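First the structure, in the form of structure tokens, and then the observations on it.
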Amino acid sequence: MRYLLAMAGAAFALALISGCDISQRISELRTFGNHPVVDRVTSEEVDSTRQDLLNIQKPAKITSIRGGTSQCFDYALERDGKRADYFVSFTSQGWANAWGYSTCSKEVAAGSLSSNERIKRPY
49 MRYLLAMAGA AFALALISGC DISQRISELR TFGNHPVVDR VTSEEVDSTR
99 QDLLNIQKPA KITSIRGGTS QCFDYALERD GKRADYFVSF TSQGWANAWG
149 YSTCSKEVAA GSLSSNERIK RPY
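Counting in the numbering used here, the sequence shown tops out at residue 171, every number present.
Here it is in structure tokens:
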């Protein structure tokens, strides 16, 4: 239950920050929340690496970020006739450090992928 509340809170915060329609973000979370890529990077139990995600699914596009020191993966998620863009960016050491229902190019343009810090989990 805590996991679902955390995911709903994260979806709400992301929708507010991105300026997108909240109902669209909630719909994406419901539809794609258990997609293997989304499930892996949002797991509270283990941090994800670039290789973990390559083992699950090849991204539709790979973008060099932070002056070529790291990468960002674009995924085209599909389920039940619906489609959503999803990105995952990595540190220079290969750890996932940002993800969400957007594209790498939009996040780079917004300045959201400038950090090379690994996610700090409270466990």
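Backbone N, C-alpha and C fix where the C-beta goes; we use that ideal spot for every residue, glycine too. Since we're looking at a predicted model, the values are computed, not measured.
query = Which of the three DSSP states, helix, strand or coil, is assigned to Gln105?
reply = On the sequence shown, position 57 is the one that residue 105 refers to. If DSSP states are grouped into helix, strand and coil, Gln105 belongs with coil.
message = For His83 and Arg131, which I take to be in contact (beta-carbon distance under 8 Å), what is that distance rounded to the nearest angstrom?
response = Residue numbering aside, residue 83 sits at position 35 when the sequence shown is read from its first letter. Residue numbering aside, residue 131 sits at position 83 when the sequence shown is read from its first letter. Incorrect: roughly 12 Å between the Cβ atoms, too far for contact.
Environment of Leu125 [buried if 16+ CB atoms lie within 10 Å] = Numbered from 1 along the sequence shown, position 77 holds the residue referred to as residue 125. Under this definition Leu125 is a buried residue.
task = Leaving out five residues on either side along the sequence, give the residues of the same chain with a beta carbon under 7 Å from the beta carbon of Ile110.
result = Position 62 of the sequence shown, counted from the start, is the residue given in the question as residue 110. Around Ile110: Gln119 and Phe121.
Cβ-based neighbour list, Asn164, same chain, cut-off 8 Å, excluding 5 preceding and 5 following = For the purposes of this step, residue 164 is taken as the residue at position 116 of the sequence shown. Same-chain partners within the cutoff: Arg114, Thr117, Ser118, Thr139, Ser140 and Asn145.
query = Using a Cβ-Cβ cut-off of 8 Å (strictly less than) and excluding sequence neighbours within five positions of Ser137, which residues of its own chain qualify?
reply = Here residue 137 is taken as the residue at index 89 of the sequence shown, counted from 1. The residues are Ile113, Ser118, Gln119, Cys120, Phe121, Ala144, Asn145, Ala146, Trp147, Cys152, Glu155 and Leu161.
ask   = For Arg169, does the count of other Cβ atoms within 10 angstroms reach 16, so buried, or fall short, so exposed?
value = As a working note, residue 169 is residue 121 in the sequence shown. Looking at its Cβ environment, which holds fewer than 16 other Cβ atoms inside 10 Å, Arg169 is exposed.
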